[in-house]
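Data first, discussion second: the structure below is written as structure tokens.
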């Protein structure tokens, strides 16, 4: 197994060569692939091929993020999926926050080549306990032809309950290293495109029949548990839900990250086994062998 990391400052993607089971991991709005590195490393040790992709417009300046659209973010996801398909027979797509919604959209558009989903603190709307009063209005914003100049700054506790990790993340954001921990403020236009993405995904949730793991904190500061409950009730396939009792929004970095990683590895292994059993059953039927 070898690890490739691209050297360009504008690309923090991470690709880990492993076996025939591939996992695509997608970061959140204004975030970076680093958010998912801990989960990726655990999957790599388990023998998976893992791709933490970087979304268009991310890991740069707020202006670069402002100029990008949700269609461009999704194009980054499809390109990453194409790369995984070159060497993997089984692929699971997952993401943190908005990244989870992009994973759902990929599953809707490519149902035959996404065998499972990993949704970490999936976010349909920003209704967590730390969000400002205007976040209620924020969910109705859509992209407009006029330039939206406003930016919304990150707020305490920044999605992280672990105080040590929080200090490291905040220090990185304030240093200007957007490739390490993301940007400190997110353009309003980017939230408008996030809302458009959610509007595109929600009507067809029932068509998503791939087995899905949802991991969501009970005390999510950015996106309440209602987001996970809505998905659990409306997705069309098997849903396995893990509710964390000691984490905030960024569950892949927070103090229960080891639980998240272990549960992820078990779920990926289960999906791989289920896909193999289904393929074997189909082969036996094609040969005319009676199958119970």
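Residue numbers (our numbering): 3 to 294.
All C-beta atoms, glycine included, are put in the ideal place defined by N, C-alpha and C.
Computed from a prediction, not measured in an experiment: that's the story for all the values here.
What does DSSP give as the partner residue(s) for residue 54 in the beta ladder? As a working note, residue 54 is residue 52 in the chain shown. Answer is 16, 27.
Is it true that the stretch 241-261 meets the stretch 108-124, where meeting means three or more beta-carbon pairs spaced less than 8 Å apart? The stretch 241-261, when compared against the stretch 108-124, does touch it at the 8 Å Cβ threshold.
Within the stretch 44-108, ranges of the beta strand (DSSP E) (whole runs, at least 3 residues): Listed in chain order, they are 51-55, 92-98.
Hey, could you find the ends of the alpha helix (DSSP H) residue 122 is sitting in? Here residue 122 refers to the residue found at position 120 of the chain shown. For residue 122, there is no enclosing alpha helix (DSSP H); the enclosing beta strand (DSSP E) covers residues 118-122.
Kindly indicate which residue of 99, 47, 75 has the alpha-carbon position closest to the one of residue 60. Counted from its first residue, the chain shown places residue 60 at position 58. Looking at the Cα atoms, 75 is the closest of the given residues.
Give the single residue among 160, 226, 272, 209 whose Cα lies nearest to the Cα of residue 188. The residue labelled residue 188 in the question sits at position 186 within the chain shown. Nearest C-alpha to residue 188: 160.
Output the residue ranges of the beta strand (DSSP E) runs that lie fully inside the stretch 201-273 and measure 3 residues or longer, sorted by chain position. The qualifying runs are 214-219, 241-246.
According to DSSP, residue 310 sits in a beta bridge with which residue or residues? As displayed, the chain neither begins before 3 nor continues past 294, which places residue 310 out of reach and without an answer.
Cutoff 6 Å; reference residue 137; Cβ partners in own chain excluding five residues on either side: In the chain shown, counting from the first residue as 1, residue 137 sits at position 135. Excluding residues up to 5 positions away in sequence, 128 lie with their Cβ nearer than 6 Å to the Cβ of residue 137 in the same chain.
Got a sec, what are the start and stop residues for the alpha helix (DSSP H) residue 143 sits in? Here residue 143 is taken as the residue at index 141 of the chain shown, counted from 1. Run containing residue 143: none; DSSP gives neither H nor E here.
Counting pairs of Cβ atoms below 8 Å between the stretch 62-81 and the stretch 208-218, do you hit three or more? No, the stretch 62-81 does not touch the stretch 208-218.
Please confirm if the stretch 258-274 is in contact with the stretch 233-240, defined as three or more CB-CB distances below 8 Å between the two stretches. The stretch 258-274 is not in contact with the stretch 233-240.
State the Cα-Cα distance for the pair residue 144 and residue 105, rounded to the nearest angstrom. The sequence position of residue 144 within the chain shown is 142, counting from 1. The sequence position of residue 105 within the chain shown is 103, counting from 1. When rounded, the distance between both Cα atoms is 21 Å.
Between the beta-carbon of residue 26 and the beta-carbon of residue 55, is there less than 8 Å? Position 24 of the chain shown, counting from 1, holds the residue named residue 26. Position 53 of the chain shown, counting from 1, holds the residue named residue 55. In this structure, residue 55 lies closer than 8 Å to residue 26 by Cβ.
Quick test of the definition: if touching needs 3 or more C-beta pairs under 8 Å, does the stretch 91-109 touch the stretch 25-43? Judged by Cβ distances under 8 Å, the stretch 91-109 makes contact with the stretch 25-43, as three or more pairs qualify.
CA-to-CA distance, residue 14 to residue 36, given in whole angstroms: By 1-based counting over the chain shown, the position of residue 36 is 34. By 1-based counting over the chain shown, the position of residue 14 is 12. Taking the straight line joining both Cα atoms gives about 8 Å.
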